[in-house]
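First residue of the sequence shown? That's 10 in our numbering, and the numbers climb one at a time after it. Virtual Cβ for every residue (Gly too), placed ideally from N, Cα, C. These numbers were taken from a predicted model, which means no experiment stands behind them. These notes are about the structure you will find just below.
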Amino acid sequence: MGSAAAQEQAPAGVTLPIYMDNQATSPLDLRVLEAMTPYFTSKFGNAASRNHAFGWEAEQAVETAREQVARLIGANAKEIIFTSGATESDNLAIKGVAEMYHERGNHIITQVTEHKAVLDTCKRLEKYGYRVTYLPVKADGLIDLEDLMRAMDEKTILVTIMAANNEIGVLQPIREIGRLCHEKGVLFHTDAVQAAGKVSFNVNEDNVDLASISAHKIYGPKGVGALYVRRRNPRVQISAQIDGGGHERGMRSGTLNVPGIVGLGKACEIAQEEMKEEGRRLEALRDRLKQKLESELDYVHVNGSMERRLPGNLNMSFVYVEGESLLMGINDVAVSSGSACTSATLEPSYVLKALGLGDDVAHSSIRFGLGRFNTRAEVDYVAAKVVDVVKKLRELSPLYEMVKEGIDLTKIEWQAH
Ligand SMILES: *Cc1c(COP(=O)(O)O)cnc(C)c1O
């Protein structure tokens, strides 16, 4: 990657490799870095130091960031708890509610395409005696609200459903989910990592009680995030999962990551100011990429709803192409595949499988994650490259050949070997 040879083939204005995996992480915005820098150097105080100016300065920066985060999601600053990232926020929200409300009930509802930070937290709670319902999704990746209603019972204490999916970009109907929860007196947590700062997200309008946020998905630094916890209508209480010095009003102990928090705040402020325009730009780029791929290739399809979707996300399957060969062919473009490299084995993505995709089609899928710094020239390069590689691979594919000849692959009896 990034070799001189590869660079020679890049058209003007394009630097290889191209980063198009912004749902995995996003580059730091230099304006964010600039805001953070003094808090690594001259303003290094501990925000909990009450006796001197170094501490006050740090504390003030943290409180400014708290306001910036709150403003982005329509919350009050007092409702924001800083964490080490969304994995911790998801854990704190779900375990914190489960522990606090265990006398009221032991049932939690989530859905199968959640991030592992939610799914594995729920699995752990099952070991401790909680009951968890994992709702399926429809072929478009969205949950069925009827399923949700049916799943709720008198023991349900929490529903946790993500706002936007990190693989297929679909936007769940969180406002309706929140309304249903509140009608039943059930708390609603949403993993809003991919939504907050990218599409409109407001904890009051969207009926959300707890929401997880991460800085590094919105051009902030890694290792810092926040959890929103509603303080009124209803007042939500959570049990701390990390004990110690009583920081963050006892809900999350540990010396605050001041530079990181300043960065998260700045990233939220920029997102709030630029989200609308950026969303329009990314949607246009995304649709351009989609249009180019669909017009030049057959047997390609989009995974997940196109109507309810993040502006910068395109997840496509290239049927009759071997996934690994495809990724190798476009190795100067950083994207994610439909294979999750868990342990040594190449497992097809559980999100794509939940939509009903077979293993082979899931493996042949690519997530293009467009972000703030992607350009039209990059989109055009990536589209041309993918088209070229897919066409070449299909020339070598006996399956594709047979399909073109009109043979129905589902009717073939394959010889066992
Ligand atoms: C990235 C991500 C997380 C985890 O966030 P970290 O800050 O990296 O721990 C959780 N949920 C979703 C939807 C994500 O995309």
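Check	Outcome
Grouping DSSP H, G and I as helix and E and B as strand, with all else coil, what is V78?	helix
With burial defined as no fewer than 16 other Cβ atoms inside 10 Å of the residue's Cβ, what is the status of I117: buried or exposed?	buried
Would you mind sorting D215 into buried or exposed? The rule is 16 or more other CB atoms within 10 Å of its CB.	buried
Is V146 near ligand 1, going by C-beta to nearest heavy atom under 6 angstroms?	no
Measuring CB atoms only, is the segment 195-203 touching the segment 168-182, in the sense that at least three cross pairs come out at less than 8 angstroms?	yes
At a cut-off of 6 angstroms, is D296 close to ligand 1 when judged by its beta-carbon and the heavy atoms of the ligand?	no
Assess contact between the segment 353-364 and the segment 269-280, defined as three or more Cβ pairs (one per stretch) separated by less than 8 angstroms. Is contact present?	no
Just list the residues that DSSP pairs H310 with in beta bridges.	S326
Among V309, H372, A343, which has the Cα closest to the Cα of G380?	A343
Spatial neighbours of Y28 within its chain, please: CB distance less than 6 angstroms, with the 5 preceding and 5 following residues excluded, ordered by chain position.	A343
Hey, would you say the C-beta of T96 is under 6 angstroms away from at least one heavy atom of ligand 1?	yes
Helix or strand or just coil, what does DSSP make of V23?	coil
Is it the case that the CB of S248 approaches a heavy atom of ligand 1 more closely than 6 angstroms?	no
Nearest to S406 by alpha carbon, out of G338, Y329, I416, R159?	Y329
Would you mind giving the Cβ-Cβ distance between Q32 and N322, rounded to the nearest angstrom? I have them listed as a contact below 8 angstroms.	6 angstroms
Using 8 angstroms as the threshold, is the segment 235-245 in touch with the segment 204-222, meaning 3 or more CB pairs across them?	yes
Pairing CB atoms from the segment 287-298 with CB atoms from the segment 87-104, are three or more of them under 8 angstroms?	no
Assign A201 to one of three DSSP states: helix, strand, or coil.	coil
In its own chain, which residues sit with a C-beta less than 7 angstroms from the C-beta of N55, not counting the 5 before and 5 after it?	G64, A67, T264
From this set, C131, Y137, A160, T419, which residue's C-alpha is nearest L144's C-alpha?	A160
Could you pull the DSSP bridge partners for G1 from this structure?	Outside the modelled stretch of the chain, which goes from 10 to 426, sits residue 1, for which no answer is possible.
CB-CB under 8 angstroms to V23, same chain, minus the five flanking residues each way: which ones, in chain order?	T384, A386, E387, Y390
Please list the terminal residues of the continuous beta strand (DSSP E) segment that includes A220.	219-223
Please find out if some non-hydrogen atom of ligand 1 comes closer than 6 angstroms to the beta-carbon of V78.	no
Are there 16 or more other CB atoms within 10 angstroms of the CB of E422, so buried, or fewer, so exposed?	exposed
Helix, strand or coil: which one does DSSP assign to I90?	strand
Just to confirm before moving on: does the CB-CB distance between D99 and T130 stay below 7 angstroms?	yes
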